[in-house]
Structures are given as C-alpha cells and as structure tokens.
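Using numbering that gives the first Met the number 0, the first residue of the sequence shown is number 0, and each one after it goes up by one.
Glycine included, every Cβ here is placed at the ideal spot set by N, Cα and C.
Remember, predicted model here, so these are calculated numbers, not experimental data.
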Amino acid sequence: MEQARTSSDSVVSEFEGTILKSQDPFSYFMLVAFEASGLIRFAVLLFLWPVITLLNVFSYKNAALKLTIFVSTVGLREPEIESVARAVLPKFYMDDVSMDAWKVFSSCKKKVVVTRMPRVMVEMFAKEHLIADEVIGSELIVNRFGFVTGLIREADIDQSVLSRVADLFVDERPRIGFARPGKAILSLCEEHIHAPIPENYNHHNQQLELRPLPVIFHDGRLVKRPTPATALLILVWIPFGIILAAIRIFLGSILPLWATPYVSKIFGGQIIVKGKPPQPPSPGHSGVLFVCTHRTLMDPVVLSYVLGRSIPAVTYSISRLSEILSPIPTVRLTRIRDVDAAKIKQQLSKGDLVVCPEGTTCREPFLLRFSALFAELTDRIVPVAMNYRVGFFHATTARGWKGLDPIFFFMNPRPIYEVTFLNQLPVEATCSSGKSPHDVANYVQRILAATLGFECTNFTRKDKYRVLAGNDGTVSYLSFLDQLKKVVSTFEPFLH
0 MEQARTSSDS
10 VVSEFEGTIL
20 KSQDPFSYFM
30 LVAFEASGLI
40 RFAVLLFLWP
50 VITLLNVFSY
60 KNAALKLTIF
70 VSTVGLREPE
80 IESVARAVLP
90 KFYMDDVSMD
100 AWKVFSSCKK
110 KVVVTRMPRV
120 MVEMFAKEHL
130 IADEVIGSEL
140 IVNRFGFVTG
150 LIREADIDQS
160 VLSRVADLFV
170 DERPRIGFAR
180 PGKAILSLCE
190 EHIHAPIPEN
200 YNHHNQQLEL
210 RPLPVIFHDG
220 RLVKRPTPAT
230 ALLILVWIPF
240 GIILAAIRIF
250 LGSILPLWAT
260 PYVSKIFGGQ
270 IIVKGKPPQP
280 PSPGHSGVLF
290 VCTHRTLMDP
300 VVLSYVLGRS
310 IPAVTYSISR
320 LSEILSPIPT
330 VRLTRIRDVD
340 AAKIKQQLSK
350 GDLVVCPEGT
360 TCREPFLLRF
370 SALFAELTDR
380 IVPVAMNYRV
390 GFFHATTARG
400 WKGLDPIFFF
410 MNPRPIYEVT
420 FLNQLPVEAT
430 CSSGKSPHDV
440 ANYVQRILAA
450 TLGFECTNFT
460 RKDKYRVLAG
470 NDGTVSYLSF
480 LDQLKKVVST
490 FEPFLH
C-alpha cells in the first residue's frame, strides 16, 4: 500500500487542554446554561457536577459529557446557543488560551481545531480569533420545531472526531498533531506535540502571530468563568446581592449627592478620584462639557457624586426604568444631528453637561470611535477617564433587558469606580483654533485611552450590536403592553 504523503504546514489541534489551558469544559456549559436559559438551569447543572465528576473518574467520559450537554442545552433554540457562542464565550475562551500553544497553532497555514464540545460552541471563536480553517466537534440534534433535544449525533465522540479528521486529509497526513498524550487524532499526524510546549521547540514558520485576534466586544452578566466553586459562590451571594442592591438604590435616591461617596463605603462601594475637577460655572456663563469614556450607565451618576452636584447627562437609548431610577436629569437624544445639537447647546447654556461620545459601553480595554458632535458645540471641554471594577456581575448588556443594568451593578459585593479628571482642553486643541471636529474628537479619544492604558478603535455602536446582538442597536419605543411583554420574556428562561 502506498503511504499517504504529509500535508505541508498543517496542524490538527485539540481545543480543551491544549489550546485552552483548562482541560474541563464544564464551566463553559455553565455559561451556556446561565446566559441562554437562566438561574434554574445554572443551579441544576451545578448540583449535577458531583455526578458528572464521578462519571469522569470512573472513565465514563462520553456519558459525563452527554449528561452535561443534555442539561445545559435541552429545550433551547439553536440560535440562542449561537448567540451565547458569539457574544459571551469568546472572552472566557481568550482568557484561557495558552500563548505557547497559540504560537505552535499559528505557525501553520492550514489549521484544524477538534473538540468534544458541540461544534456550535467553539466554531465562531476558533474561526474568527484563532483563524482556524475547520472546526470538528459533536453535533447537537435539533427537532422539527427548532428546539435542541439535548442529544448529540455521535455515539462515540472521539471515534467520530477521528473519522472526520481523516476525511479532511484523504490522501495526506497532517504534519503536526497537537493534543494531550493518548488522544486518537495523534495517530493521523506526522509529528506529535504535547502541552506544555518544550522550550527548545523549533517553530517552522517564523512569521508567527504574537497573539490571537483580541475580543473587543463582550456580553453576558457573569464577570468570572463559573467553575464549580465560583458558581456556588454566585448562587449563595445572589439573595444577599438583591437585598444589598435594594438598600444601595434606596439610599442613593434619598441622600444628597455629595454624601453618597461616603455612605457607599459603609456598604462596600468605593469611588477613587484622581485629578482636579473644575469649579461650577459662574452665573451668566455657559457650562463645561464633561466628555467621558463609557463603561456603564453609572458613569454620569458617579461623576455627579464626585462633583457633589447634579450634572445632566446626555443619553441615547437607556431604558425607562433606568431613567426613573436615575438621581440626575437625563437628556434623551434623537440621533437627528441638528435636533441633538440644539438640545446640547440649550443644556450648556444652563450649566454643566455630561456626554459619552462613544454612544455605547465597551467592557474591554478599548475605546470606540468618538462622535465629533460635541466638539462642534463648545470649546469648554473637560475629558474624564471613567473605569470600574466589579466582582460578580456586569452592569451592561446588549442582548438582555437594559432595565436590570443598575440592579446588577449594585448587586456586586464591592463595586469600585475610578474617575480621572484631565485638564480642560486648551483653546489651540479645540475648533476655535481651526481644528476640525473630527480632529478634536480623535485627540480627546487618544488622551483618554492613554490615561486608562486602553487602545483606540474605529468601531462604533452599530459594530458592537451587530457582533453581540445581530442588529444595529436601533431602539424602537414600545407601547406599555409591548414593554410588559418584554419584562415577562426576561423571566421566561427561568421556566426552562
């Protein structure tokens, strides 16, 4: 029999335990359970973890994985799982990627990723961030009504993956097999590499990508990857977090703004202030325009706490509930340029104003493109670098109901905000000196990014929502009945 030739510059790599440092995919199924369904499924899967662990210990690995897949996916629609795989999982995968493994994987032209997880959970990340050509994994069964049955097509997952890899390389062998020792896919490959990578390993391709393509947009409520211990801690904390959030919101609504930073320390919060804030405007003078980075909807509120006075905030599409809970006035813009410019000018004639020219929040260390509208309307511009740290829950969402954003923020045990005031822009850096509004906006973006240690991007609100939610982020205002239906649908996943 003629021996199959070797496919030059090709690699077949295992995902779990090789590209990812973690060998156990359980936490990623926990993310699917929480983000695609809700708290009940999340809790049920966690309580079954000891059973799943015992099955793995006694070498019933296929049974353990099938049980995990069943509990985390049964009854969901496939687009719901795809949405989590697109918007939530990439951030957690990226944090778990082994950079040494990435160097081996990226050194080849043809890249194949194999996984025991459902292909739909891995494919988007592998192809868009790891630049993989093919992803081979288990396949979920979807019934004729569009619901996932919780079952997979493969009886023996490893054997099925092996045969599909062999089909990709019919008359040739992959050059590099990259997996844990004993994995079947290694038998198909010319060269075997195991993690951790030997220090003396010689990369054949010197044109290596130093890092995978970064995750700029990220959604989902959970801050930390829900390992069993972390998931248990979250479940135990939630009742206390809800009570704590109610107390914090109540006190924030009745206390004067200047007192809030001091009282927040009693309940675990902290506001760190750097730089020197400007004085309030004198009577008869226009106000200062505070240009802030946008991390959460709390940015303008925290700024008012720090200044000790109520500063109106320009908003684009916050929920009605957030407007009701807001302790400061909000100015809702229309996205019609002339109308919005007139509104901002009118507010500045009365006093100070806050604007977040990114138009939407971004969690990662990147700044989205700044709208240049603010630069056209005033020369009294004070850049403010806002950043925050939370332990359990993110206070922003693109896919969920935005009305819960402030509640999730205050449910964190120790939310911390950092507010850094930069100097007011000199006249020569504004439009008064002949600079274009876009130049001014780009300059403000750069100095804020440098202050925070972030990177500037040209991405916009529309880019974010296309990636995370599959739409352009346009908000249509609903009738009371439609809003009630949306609230009810928010709690529907808890019934799965």
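query                                                                                                                                                    : result
How long is the line joining the alpha carbons of R334 and E322, rounded to whole angstroms?                                                             : 18 Å
Would you list the residues sitting across from K109 in a DSSP beta bridge?                                                                              : S9
Would Q444 be called buried (16 or more neighbouring beta carbons within 10 Å of its own) or exposed?                                                    : buried
Would you identify the three-state DSSP class for L75, choosing helix, strand or coil?                                                                   : coil
Please state whether DSSP places P299 in a helix, a strand or coil.                                                                                      : helix
Are T429 and D351 closer than 7 Å when you measure CB to CB?                                                                                             : no
For V300, which residues in the same chain have their Cβ closer than 7 Å to its Cβ, ignoring the five residues on either side in sequence?               : S325, P326, I327
Assuming R172 is part of the beta strand (DSSP E), what are its boundary residues?                                                                       : 171-177
Just to check my reading of the structure: L53 and L66 have Cβ atoms closer than 8 Å, yes? What is that Cβ distance to the nearest angstrom?             : L53 to L66, Cβ: 11 Å. No contact.
Quick one: using the 10 Å Cβ neighbour count with 16 as the cut-off for buried, is W101 buried or exposed?                                               : buried
Starting from P405, trace the alpha helix (DSSP H) in both directions and tell me its first and last residue.                                            : 404-409
Mapping the DSSP letters down to three states, classify R388 as helix, strand or coil.                                                                   : strand
Just checking, does the segment 149-158 make contact with the segment 68-78 on the three C-beta pairs under 8 Å criterion?                               : yes
Contact defined as beta carbons within less than 8 Å: I believe A131 pairs with V112. What is the distance between those atoms, to the nearest angstrom? : 5 Å
Suppose contacts are defined by Cβ-Cβ distances below 7 Å. Is L496 in contact with A86 by that definition?                                               : Outside the modelled stretch of the chain, which goes from 0 to 495, sits residue 496, for which no answer is possible.
Where does R115 fall in DSSP's three states?                                                                                                             : strand
To the nearest angstrom, how far is the alpha carbon of I253 from that of R247?                                                                          : 10 Å
My understanding is that H217 touches K349, with C-beta atoms under 8 Å, so please give their C-beta distance in whole angstroms.                        : Actually they do not touch by this definition, with Cβ atoms about 37 Å apart.
Just curious, the alpha helix (DSSP H) that L167 is in, first and last residue?                                                                          : 156-167
DSSP three-state label for I39, please.                                                                                                                  : helix
Classify S475 as buried or exposed, calling it buried when 16 or more other Cβ atoms lie within 10 Å of its own Cβ.                                      : Since pLDDT at S475 reaches only 48, below the 50 mark, its modelled position is unreliable, and the value read off the structure follows with that caveat. Counting Cβ neighbours within 10 Å, S475 comes out exposed, since fewer than 16 surround it.
What are the boundary residues of the beta strand (DSSP E) that K273 is part of?                                                                         : 269-273
Assuming M385 and C291 are in contact, meaning their beta carbons sit under 8 Å apart, how far apart are those beta carbons, in whole angstroms?         : 5 Å
Less than 8 Å between the CB atoms is what I'm expecting for V222 and F373, so what's the real figure, rounded?                                          : Rounded, the Cβ-Cβ distance is 31 Å, inconsistent with contact.
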